[in-house]
Each structure stands twice: as C-alpha cells, then as structure tokens.
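Chains as they are written, first to last, in my numbering: chain A, 34 to 453; chain B, 52 to 534. Here the structure comes first, spelled out in structure tokens, and everything after it is commentary.
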Amino acid sequence: MKELHYDVLVIGAGAGGLAAAAEVAKHDATCALVERESHLGGILIQCIHNGFGLEEYKEELTGPEFAERLAVEVRNSAVDVYTDTTVTQLETDTDDGLKIAYCFSAVYGVIRISARAVVLAMGCRERNRGNIRTPGTRPAGVYTAGLAQRLVNIEGYIPGKDVVIVGSGDIGLIMARRMTWVGATVHAVIEIQPYPSGLTRNIVQCLNDFDIPLYLSHVVSRIEGRDRVEKVRVSPLDNGIPDEDNSFDIPCDTLLLSVGLVPENELSKEAGVDINPQTNGALVDSTMMTSVDGVFSCGNVLHVHDLADWVAEEARRTGRYAVQYLRNKRPNRQVRIKAGANVRYINPTMFDPDNPDKLYFRSLIVKNQAKLHLKLDHNPVKEVKMSHIQPSEMLHVNLKPKDVASWNIMKDSVLEVSVE
Amino acid sequence: MASTDRSTARADVAIIGAGLSGSCIARQLSAYELDTVLLEKECDVSLGVSRANSGIVHGGFHHNLKYLKSRLEIRGNLMYDRLQRELDFPFKRCGILVVALNDEEMKYIDHLYTQGLENGAIGIEMCSRERMFELEPKLNSDCVGGLHAPGGGVLEPYRFVFSVVESAKKNGVEVLTKFEVERAERANEHYTIHAADGRTVEARYVVNAAGLYADRVSSIFGAEEFTITPRKGEYYLLDRATQAGPQRVLFPVPTKVSKGMLVIPTVEGTVLIGPTAEEIEDKEDLSTNADQLAQILDQARKMVPKVSQTDVITAFSGLRPASGDGDFYIDISKKAPNFIQVAGIQSPGLTAAPAIGEYVKDLLKKAGCSLSEKSDYDPFISKLPRIRDVSPYEADALVASNPAYGNVVCRCEEISEAEIVEAIKRGHATLDGVKYFTRAGMGRCQGGFCSYKIMKLLMRETGMSYREIQKRGAGTELLQDAL
C-alpha cells in the first residue's frame, strides 16, 4: 500500500477544495488534493450557464470557466493532485494525532495519506424522491435536476421531452431553461413553499423569459406510469395538506427534482465530527475547525451556499486557518455566536475578537426593508439595514475589528444574530 | 423482433418463474441427471414477488405445524447456514424479537412461545421487560415484554436468488428470460410451452412457480382453477446513518391478517420499516400511497420512537401472492399430468424456499421423474469480492489484480467498477439489475451521482446504444435523445 504524508489533506476538488488547496500552497505548506472524479471543479463543470465569478473575479464567467480559474491556481502551485481517487475512510491516529485517510485509486491502489490537518470540502448531494416521500409508481423518467444536468451538458443525452420540475431551487430553474433549449417542453415548476427557493435572477431568466408556469404552494402528490412516467398529480396545499379536490394532472414523461441539497458529511461523521442539525454540516469555530482537532470544513459540505463565489471565499479563509493551525497560531479567545429571532443558522458559530471575520447566515422570514441586529449579551452592538431577505437567499455580515474593539467582551459572552 | 423459427429447447423439467421458489427448485434439480430449464417472463430473475419483501428468515413460531408453510419454514430456516457457505450471499442470523406493548399482547406472546416450542424453534425465549431492554435498548418504554427467537435472520431476497440461479446455471440449468408463457399443449408425454415472442420449450414435467400469475399458468396448462390475489405491502427504507436501527428484527404482536409492520435491520446495514397489507386487484400495481405510507412511520415508532422521517431514503412496495386458505399450495396436479403446483407462496416463502426446493424434488419423484445424482455436482459458486467488505490492505491487493476495483462508482454504498462490470457480465444488464446485484444506486443518494456512470458502463460492456439503456426492461428506457 502506497503511504504518503502531507501537512494538509484537502478532500474534494470543487470550488471549495480548489480554493482551500491553492491557499494552503500559497502559504508554503505541503498539500494533497484528493478528488473522486477525473476532473477538477466538481459540479461546476456541468454548470455551463453564466453568473459565476462576479464576486471572486469581478467578471461574469460560466461554471467551467470559474472552475478553470481555480484549477489553474492549483496546477501552478505545489499542490499534489490525485484525481479518480476516493477517500473511503478518515480517522485520527491515537498515538500521534495525525489524520489518516484511506483512498481508492485504480492507478495507485489503496493509498494511505497521513496529514497534520484535513480540510473537508466534499460538497453536497441532491435530495431525492425518497427524501420528499412522493407516492406513486416507480417508473423510469424520474431524475434529480443535477443528474439531468450532467446527462445533458456533459454526456450529451436528453432524458425526456415533456418535463415537470419539482422544486424551484436554482438547479431546477437552470434546468427548466436548459431543457427548453434542447427542445423539450417544460410544462410547470412546482414549489411547495409560498415563495421561490432559487435566486430571483433565475426565476426571471429561466422561467419568466420562457413562459414556464411556476406553481407556488403546490406539490406533486403522485407519480403515475408503470414503465415510464406518464403523468403527475399536482395538488395545491391547503394548510399544508394536499387539497385533493383542486388537484390536477399534468401529462409528462420526465420529472426532475430540485428539492434541496444536503451536505455530504458521511466521511466527516465517521471521523467523529459533530454535526449542526440546522445545516447538516459540521459545527465549526472561528477558524472553520470542526470538533475534531485539525479537521476543518468549508463550502457546501459545511452549509449549502447560493454562490460558488462565496464557497471559494470561505474556502480561502479555511485554507489560511489550516496553515495557521500547523504553525500553532490559534485564537486566544473565541466568542460563541447564537442564531436569534428569525435566523435559521449562522456560520461559523464562533468569532475571534482579535481577528473578526465574515459570518454567513439564513433568514427564516421573507421581508423587505429588514434589519439585522447583533446583540452582545443582550446589548445591541450593531445594526444593519437589509433591502430584502428571504430563506432561500444566504446573507452575510462582516465583523470589523473597529466594531469589535468597542465591545465589552467577557469570558462567556454570547453574540446573538437576529433579523426583523 | 419475434422469431417463429427458433429452435425448440427440450427439457426433462420446465420451471415457470425465476423467483425464490422457482430458483431453489431449479438448483435442487441441478444436482440430478436432468435437463432443467427455468423460464422467466421478466428481463432478469427475481423481479416479481421476490424483489420486494421483508427479507426475513423467520423464527419458526408464527404458524402452527398443521400448515405446510409452517413445516417448510422450520426446515428452510435450518438450511440457510449451509447455503450461505455454498452461495456467498449476505445473511445474518440477527434474531427476532416480538414486542408486546401491553398485558393483553403479552398473553399472545405466551401463545407464540408455546407454538414455537412445539415447532422446535431453537433457542426461543420468553422475555421480561428488563430482558427486552437488555437485548434492544432502543425499544419504546411502553414495552412490557416479548419473545426472542435467536434463529431468525435477514438477507436480501434478490441477492439470494441471484446466487441460487448462478449455482443452478453452473450445474447445467438453462435460464430463459423474457419468456412469458402464453400457451401450452401436451402430446406424446411432453408439454410444448409457447412464449409470447414465439419461442418454445418442450418438457416432460412442468413446475408452476409463477408467483402472482400461478393461477393463470395453471389455467393455461388445464390444471386446477384457483385465484391468486395480490396483497400489497409498502415499505420505507432508512439510511444506514439512522439512530433508529435495532440489532434484531422487531415484530409487533401479529394480527389475524398479517404479521404486522416491522423494524428490520437489513443485512446491508440500512433499516427497513413496513410492510402495510392491502388487498388489491392489479397484479402490476407497485405504486406507493400516501395513506399507507403514513401508517408505516406511526406503527414503527410504536416499537422504536427514534424512527424519523428525515432518515427515509426511498419508499417501495411489493406484492404477496395470497391464495384462498392462506397456506402454501404445493402439490402434484390432479388434473394436468406431470404438473406440479407451487402457488400461494407468501410469507414465510423466503424462509421456506430452500425446503420448497427439496419438497418439489420429492413430488417430482413421486410423479415418476427419475432422479439420479450427478457425480460432478458442485454446490459452491465463486465468491465475488466487494471493496466495502475488505480491509484497506486486502483492497489494495484487489486493485493490483484488477484496477477497476480502485474506481469507486457508487459512493454511498462503496461499489467499485469491477463489481458493476461483473454484474453486467452475469446478465444483469439494466440499471435496476446492476442495483440489485451490486447495491450501486441503493444508498442515500439513490443513484443521483452514479446513474450516468452505470449507464456508460452498460453501454461499454454490452455495446448497447444509449437508447437501449433501461431501468428494468422494455418500456423503461432512460434516455430519449442525444444532442
């Protein structure tokens, strides 16, 4: 068995893993980047639409272009890249505290990589039919939107011609437009919530521009068809329950599901990482370190982001924190952050008063002219106006050293973040 | 395209239906100097009743010995350890608990215990509340006691059938898939069996193991008239990461119609809950229904409160072929000569299947079929390594022998390209066939990441075009066009 040692092991080479690995190398630490697919960039390479890069590179790029920018950084660095290599096991050596990963590769066999620090960047997976428990038959023609995107954009196959899409998540919206462009008819997008779950720009550019109807507060309550999907039953929700009397059928041969993403943390859990039930991602401190010493997490495996740009931003910070950890530079103190009124979660869940950073969070409410409140031990310390908030749009606030300098931080202080 | 000039296969015995019963009968007969042919209407074996059931080797206490199904259950249970050694399928004697939630139910436990003793169920014990929690700490605190049958176990029914069929084939049985029996006639001591596509098979003896369609097949051969009613059972499958998984199969106290809804730790580490029981009419209706599914979570939580709907990764349903009196109908036909009925094989059909094989062999002998043992019968099939079952060092050696073991195709269940290629080579050339043989696509992402990779492997290994890639047979084509 091939045995290797690095300062840092980064698992996953999507936007997060690439950015983290590039940052580690930039700070002169040795780094292995392990990726199960044969290419770098993860799911970005099938996202051939534009809208990427506006924050990271100040220009509009497609997914593959965005991935390529990050991949070039990695290729031009000292990072050792292992593609077609799957990490199946991650553990801590009880003697020396080193992290041990077992990786499967057709070329090298099983590789044992030991590292002083690990950055988890495995991304997320799509929720599927079982997760939303849609009753009916189990015919061919039911795909997650991301699988359909892969089939069309990379493999060059069209899964079906008459399409209904469940869920108005961004991938579903993008696929509504994409399927229309390849000659299919998209009959409807069905959204369980009273508001869209994708970005507003995607509702406009992918549905409205193509006259694709969006049914809010509706569900697909049944799938019909013995061999291939023949129709779906669509039901309006009445107090959260499908209203049978006002249900209607839409004939179709294909059902695409865009019903949310789940951080892919099975490896993290096996490594002993504590999970935040609100995000299904790791609980991390102000340095993006998980409950396992030396194991960091960033990107969509930490919490599902709206934009790959934000994944890259968060991952660069995480790469830097991992290098600081190698050099025993740890925060002197950390303050706990709590999700307050109308906030579903906040990440990370601690901040370092001597080195405050960016916080990402999600609202539980839809509101125009909203306000963000930061309270330290119940005392208001900062207020930010926000023009519009909704659960599907990730929000952020930057904690600045000059803000924090004036705060009266005690040993067990708590910062509460709320919106109204 | 249907062909009319195909050569006719000649056999001593034709078995109709490659489910659990048919496969076990075929393997049993493969030990003798007989030409045996196994006919299956679907594109792969085990796609009917045997595809979707609870996968339980029962503990021998549910039924009275006066029933044939009870006697075959007892015998079948005892045959599984040897079968596992010979046939390399995942099987675990995890044991069974019947959970009583009140004193009334505890009285019924008493009855089950007595029945189990009479049946000779090994190691069966009455359990106090304390003993139940010692065995299964996740039980509902309302549990007052129960029954423990350590001889019960779990397996994957289709995986078992695949192994049995492979063994039968290795010993000379011919398997014809997509062979839907349409009509038959008898002349010169031989039946000629016609398939819908024009193929024919001649056989001296016929075994009707056609599951849900045993009534129709019986009628086609002019044998007894009876009715098989499909009884639907719906299930939820929970992710292996669930906190609700027990160590043993948990049964509620049974009702008159069924054994109730169970919490099953599957042999592959996931958790199955269900089944419901609903008499329906359509033998092809495998749909799930909101009202039925809703019952499953409620019932399962009565035994294990930690069962959570967030752990659900899929729902499915299976059909049991229920016959009139509830017992198995296995006998020599009194109307059609040399025709053996194997009908109404509902629960405990999986447990009984190996014993059904023996029993039918003896019925054939009684019917005049001469049985002489083969000198070269080999009960063993070659073991297929799985990367998730071996240590990193063993895996490294596997990759050295075949690099495709190093390519993890299904991330959730950790299935390598080598395992998928092997499934395809053995004839499981649909997405579901690969899934049932290897488990690729059966995990928490339900094929979201690996489906397209398996489609590409199917094309590469078989030479099929993208338009021919099916989920599970004709009509289930997955891709409609290319760019």
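C-beta: ideal position from N, C-alpha, C; glycine also.
Any chain A beta carbon closer than 8 Å to residue i
i: Tyr209/B; result: no
i: Val363/B; result: yes
i: Arg462/B; result: yes
i: Pro443/B; result: yes
i: Ile438/B; result: yes
i: Ser502/B; result: yes
i: Thr55/B; result: With a pLDDT of only 41 at Thr55/B, under the threshold of 50, the placement of this residue in the model should not be trusted; the figure read from the coordinates follows. It does not: the Cβ of Thr55/B has no partner Cβ on chain A nearer than 8 Å.
i: Met52/B; result: Note on Met52/B: pLDDT 36, under 50, position unreliable in the model; no value is reported.
i: Ala292/B; result: yes
i: Cys178/B; result: no
i: Val195/B; result: no
i: Lys522/B; result: yes
i: Glu137/B; result: no
i: Cys94/B; result: no
i: Glu335/B; result: yes
i: Asn340/B; result: yes
Closer than 8 Å at the beta carbon, the chain A residues around residue i
i: Ala351/B; result: Under the 8 Å cutoff, chain A gives no residues; its nearest Cβ is about 14 Å from Ala351/B.
i: Pro454/B; result: Ala139, Val140
i: Asp86/B; result: None at all; the shortest Cβ gap to chain A is about 34 Å.
i: Tyr517/B; result: Tyr190
i: Ala533/B; result: Gly189, Tyr190, Ile191
i: Thr278/B; result: Correct list: empty, because the minimum Cβ distance to chain A is about 22 Å.
i: Val459/B; result: Arg69, Thr119, Thr121, Phe137
Bridge partners - residue i, DSSP secondary structure assignment
i: Met383/A; result: Arg369/A
i: Val175/A; result: Leu288/A
i: Glu449/A; result: Lys371/A, Lys408/A
i: Phe85/A; result: Leu94/A
i: Gly369/B; result: Gly284/B
i: Tyr164/B; result: DSSP, once it has assigned bridges, lists no residue as partnering Tyr164/B.
i: Arg145/A; result: Glu36/A, Tyr135/A
i: His199/B; result: Leu148/B, Glu176/B
i: Met487/A; result: Limits of chain A in this structure are 34 at one end and 453 at the other, which puts residue 487/A out of reach.
i: Asn309/A; result: Gly314/A
i: Ile466/B; result: Cys461/B
i: His429/A; result: Tyr393/A
i: Gly169/A; result: Ile256/A, Thr339/B
8 Å Cβ cutoff, residue i in contact with chain B
i: Tyr358/A; result: no
i: Leu94/A; result: no
i: Asp278/A; result: no
i: Asn161/A; result: yes
i: Arg183/A; result: yes
i: Tyr460/A; result: Examination of residue 460/A is not possible in this model, given that chain A is present from 34 through 453 alone.
Proximal residues to residue i (C-beta, below 6 Å), its chain only, five neighbours per side dropped
i: Thr118/A; result: Val67, Cys136, Ser138
i: Glu88/A; result: Asp342
i: Val219/A; result: Val196, Ala209, Met212, Thr213, Ile245
i: Ile396/B; result: Ser72, Phe379
Partner residues on chain B for residue i, Cβ-Cβ distance less than 7 Å
i: Val143/A; result: Pro443, Ala446, Asp447, Val450
i: Met34/A; result: Pro443, Tyr444, Asp447
i: Leu42/A; result: In chain order: nothing, as chain B lies at least about 16 Å away.
Contact set for residue i: own chain, Cβ-Cβ below 8 Å, skip 5 residues either direction
i: Gly106/B; result: Val205, Leu206, Glu207, Pro208, Ile315, Thr317, Val318, Leu323, Leu401
i: Ala455/B; result: Ser467, Glu468, Ala469, Val472
Cβ-heavy atom distance, residue i to the ligand GTP, below 7 Å
i: Phe140/B; result: Although the ligand GTP was asked about, the structure shown includes no ligands whatsoever.
Cβ-based neighbour list, residue i, same chain, cut-off 7 Å, excluding 5 preceding and 5 following
i: Asp318/A; result: Gln367, Pro381, Met383
i: Arg234/B; result: His245, Ile271
i: Arg353/A; result: Glu56, His60
Closer than 9 Å at the beta carbon, the chain B residues around residue i
i: Ala173/A; result: Leu482, Gln521, Lys522, Arg523, Gly526, Thr527, Glu528, Leu529
i: Lys194/A; result: Gln531, Asp532
Interface residues of chain A facing residue i [CB-CB closer than 9 Å]
i: Leu98/B; result: Those do not exist, as Leu98/B stays about 13 Å from chain A at its closest Cβ, beyond 9 Å.
i: Ala366/B; result: Arg162, Gly163, Arg166, Thr167, Pro168, Arg171
Cross-chain neighbours of residue i in chain A, by beta carbon under 7 Å
i: Gly419/B; result: Residues of chain A passing the Cβ test: none, with the nearest at roughly 42 Å.
So, do the stretch 110 to 130 of chain B and the stretch 80 to 96 of chain B have three or more beta carbon pairs nearer to each other than 8 Å? Contact fails: fewer than three Cβ-Cβ distances are below 8 Å.
Please confirm if the stretch 332 to 350 of chain A is in contact with the stretch 144 to 155 of chain A, defined as three or more CB-CB distances below 8 Å between the two stretches. A contact exists between the stretch 332 to 350 of chain A and the stretch 144 to 155 of chain A.
Are the stretch 371 to 382 of chain B and the stretch 164 to 177 of chain A touching, with three or more C-beta to C-beta distances below 8 Å? Contact between the stretch 371 to 382 of chain B and the stretch 164 to 177 of chain A is absent: fewer than 3 CB-CB pairs across the two stretches fall below 8 Å.
Is the stretch 496 to 514 of chain B touching the stretch 470 to 479 of chain B, taking contact as three or more C-beta pairs under 8 Å? Between the stretch 496 to 514 of chain B and the stretch 470 to 479 of chain B there are three or more C-beta pairs closer than 8 Å, enough to call the two in contact.
Does the pairing of the stretch 283 to 293 of chain B with the stretch 321 to 338 of chain B give three or more beta-carbon distances under 8 Å? Touching, yes, given that three or more Cβ pairs across the two stretches are closer than 8 Å.
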